[in-house]
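Asks: Before I ask anything, let me first share the structure, which is written out below as structure tokens.
In the working numbering, the protein residues as written are 146 to 204.
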């Protein structure tokens, strides 16, 4: 199964709580932190909600 490396590039200060929760659900806590996640539709949906705060690379 393919994996995605998700990295937070912008702060969640000033964003809506629901957006902040999505970033936290991806396993990110601060700028520069990365997490490797499976490439599943649920994860892709969360990524689609916060493209302005993260970058995504295929591993």
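Beta carbons: idealized from backbone N, C-alpha and C, even for Gly. Predicted model, so just to flag it, every value in this text is computed and none were measured.
(1) Just the C-alpha distance for residue 164 and residue 177, rounded to the nearest angstrom, thanks.
(2) Among the residues of its own chain, which have a CB less than 6 Å from the CB of residue 202, if the five just before and after it don't count?
(3) Since residue 163 is in the alpha helix (DSSP H), which residue starts that stretch and which ends it?
(4) Quick check: what's the CA-CA separation for residue 173 versus residue 146?
(5) Report the rounded CA-to-CA distance for residue 159 versus residue 148, giving the unit in angstroms.
Replies: Based on what the coordinates show:
(1) Working through the chain shown from its first residue, we reach residue 164 at position 19. Working through the chain shown from its first residue, we reach residue 177 at position 32. Between residue 164 and residue 177, the C-alpha separation is close to 18 Å.
(2) What you label residue 202 is simply residue 57 of the chain shown in a count that begins at 1. Excluding positions up to five away in sequence, the list reads 150.
(3) Reading the chain shown from its first residue, position 18 is the one you call residue 163. Per DSSP, residue 163 belongs to the alpha helix (DSSP H) from 162-170.
(4) Position 28 of the chain shown, counted from the start, is the residue given in the question as residue 173. Position 1 of the chain shown, counted from the start, is the residue given in the question as residue 146. Whole-angstrom Cα-Cα distance: 22 Å.
(5) Locating residue 159 in the chain shown gives position 14, counting from the first residue. Locating residue 148 in the chain shown gives position 3, counting from the first residue. Distance between the alpha carbons of residue 159 and residue 148: 30 Å.
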